[in-house]
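Let me begin by presenting the structure, written as structure tokens, before commenting on it.
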Amino acid sequence: MRTPRSRPRPLAALLTTLALLAATALTACGGEAADASGGDGPLRIGYQRFGGLSLVKARGDAKNVTWSLFESGPALTEALKAGSIDIGQVGEAPPVFAAAGKIPFSVVGTSQPIPQGEAVLVKADSPYRGFADLRGRTVALNKGSNVHWLLVKLLEANKMTLADIKVKYLKPAEGRPAFDNGQVDAWIIWDPYFALAEQPGVRVLADATGLAGNREYVWPPRTR
């Protein structure tokens, strides 16, 4: 098992995010963004426990904003669709699903790839040595998030289909106890949940290297 370690987003991604936030905040003071958020109120930002926006919040670098924490990208996407936030940050799959669902949006920024930030976890004493060994086994992941895209790429790389595994769609807060208690054979998860789960008795079966970029996207809804 690898030693647990931090996998921070590159500094360039943080600086880009800060610039985007500043530009958006200025627009919100007297333009279309102000109309979208209902007047001259603070910019409403949705964020997750990873990436540039979480660092912006922790550093206090964005002024006159309100913050809403989301457990995953799909939930944040729904908030954007409902108009309850003005801008948010998601992984790779939510923009794909949003486009398929005809949700209007614009990507205004992205981070560098960090494929080591999401992975398939199994118990250290399990017999699985590659993803193909999970054929017929139960795999947990969050539906519609970046790890959903990783699952698609893993299946493709191993010449498998969804019919070859048993997928259990669980949110991160549900996936961890299911994995710990042996209710699923593998858990596909992203940082910081990934880093927290890297403990003795847990092994990384595969990460996204060579399969998915695991980029972070910053996007507001597109005005009609």
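For the sequence shown, my numbering begins at 40 and goes up steadily by one.
Glycine residues also receive a C-beta, built at the ideal position from the N, C-alpha and C atoms.
Here the structure is a predicted model, which is why all the values come from computation and not from measurement.
- Of the other Cβ atoms in all chains shown, 16 or more fall within 10 Å of the Cβ of L82; this residue is therefore buried.
- Ranked by Cα distance from A247, the first of W188, F218, M199 and P231 is W188.
- About 6 Å separates the Cβ atoms of N253 and N185, confirming a contact at the 8 Å cut-off.
- When rounded, the separation of the alpha-carbon atoms in V243 and F218 is 13 Å.
- If you check the CB distance, G112 and P143 do not come in under 8 Å.
- Contact annotation: N181 and K210 have beta-carbon atoms nearer than 8 Å.
- Boundaries for V129: no alpha helix (DSSP H) harbours it, while the beta strand (DSSP E) harbouring it runs I126 to V129, taken from the DSSP string.
- Comparing alpha-carbon positions, the option among R88, G249 and G80 lying closest to E195 turns out to be G249.
- Here L173 is buried. Its C-beta has 16 or more other C-beta atoms within 10 Å.
- A straight line joining the alpha-carbon of I126 with that of A138 spans about 16 Å.
- Taking 8 Å as the cut-off, the beta carbon of R88 is found closer than this to the beta carbon of P231.
- In terms of Cα proximity to P152, the closest of E131, E237 and S123 is E131.
- The three-state reading of DSSP puts F144 in strand, counting E and B together.
- Around the Cβ of P239, a 10 Å sphere holds fewer than 16 other Cβ atoms; the residue is exposed.
- Within the segment 84–135, the runs of alpha helix (DSSP H) at least 4 residues long that lie entirely inside it are, in chain order, 90–98 and 112–121.
- Taking the C-beta atoms as reference points, F136 is found nearer than 8 Å to G183.
- The Cβ-Cβ distance between V178 and A225 falls below 8 Å.
- In this structure, G156 sits away from W106, with a CB-CB distance that is not shorter than 8 Å.
- From the listed residues Q222, F170 and A212, the smallest Cα separation to T200 is found for F170.
- For R242, the enclosing beta strand (DSSP E) stretches over residues V241 to D246.
- Cβ contact annotation for G221 (same chain, cutoff 8 Å, sequence separation greater than five): K162, in chain order.
- Taking the CA atoms as reference points, K205 sits about 18 Å from R168.
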